[in-house]
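The next block holds one structure in the form of structure tokens; read it before the comments.
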Amino acid sequence: MAEKDLYEEFEAISNQLGNLSGQIDSLKEQLSKDLEEKEELKMENHNLRKQLEKLGYEDKSFNESELPTSRLNLEKLYHKGFHVCQQFYGSHRKENEECVFCLGVIYGNHSKPNKNK
0 MAEKDLYEEF EAISNQLGNL SGQIDSLKEQ LSKDLEEKEE LKMENHNLRK
50 QLEKLGYEDK SFNESELPTS RLNLEKLYHK GFHVCQQFYG SHRKENEECV
100 FCLGVIYGNH SKPNKNK
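Using numbering that gives the first Met the number 0, read the sequence shown as starting at 0 and increasing by one per residue.
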């Protein structure tokens, strides 16, 4: 009886490994597609920005010189990936996520510049 139980357990584990292997293959395929799409979007974004530059597009809604030097320094730190807000000051921003608190500290009543052009 023990041999039969052992064999059944072995079969169950083998089936689980087969299922996991299938899931891993599926995830690899999806990751590959996502990375390919990301690169395509990067290239398209780059090309669109070049096109906008050729057309003379310039975001005139914000002039960097409107910010005092202290806020420009905070903006530099923020763009290097650090929080500048009171809540999280000095800690790294995960994956360069935007922080509403930091943006409030830097820009206050000013509109945020569009750095993605």
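Ideal Cβ positions, reconstructed from N, Cα and C, are used throughout, including at glycine.
When you compare only the Cα positions, how much space is there between Phe100 and Gln15? 47 Å
Identify whether His91 lies in helix, strand or coil by the three-state DSSP scheme. strand
By Cβ distance, which residues of its chain are closer than 7 Å to Ser20, with the 5 residues on each side in sequence left out? none
When the Cα of Glu119 is compared with those of Asp33, Val104, Tyr88, Gly80, which residue comes out closest? No statement about residue 119 is possible, as the shown extent of the chain runs from 0 to 116 and does not include it.
Start and end of the alpha helix (DSSP H) containing Lys49? 1–53
Using 8 Å as the threshold, is the C-beta distance between Ile23 and Leu73 below it? no
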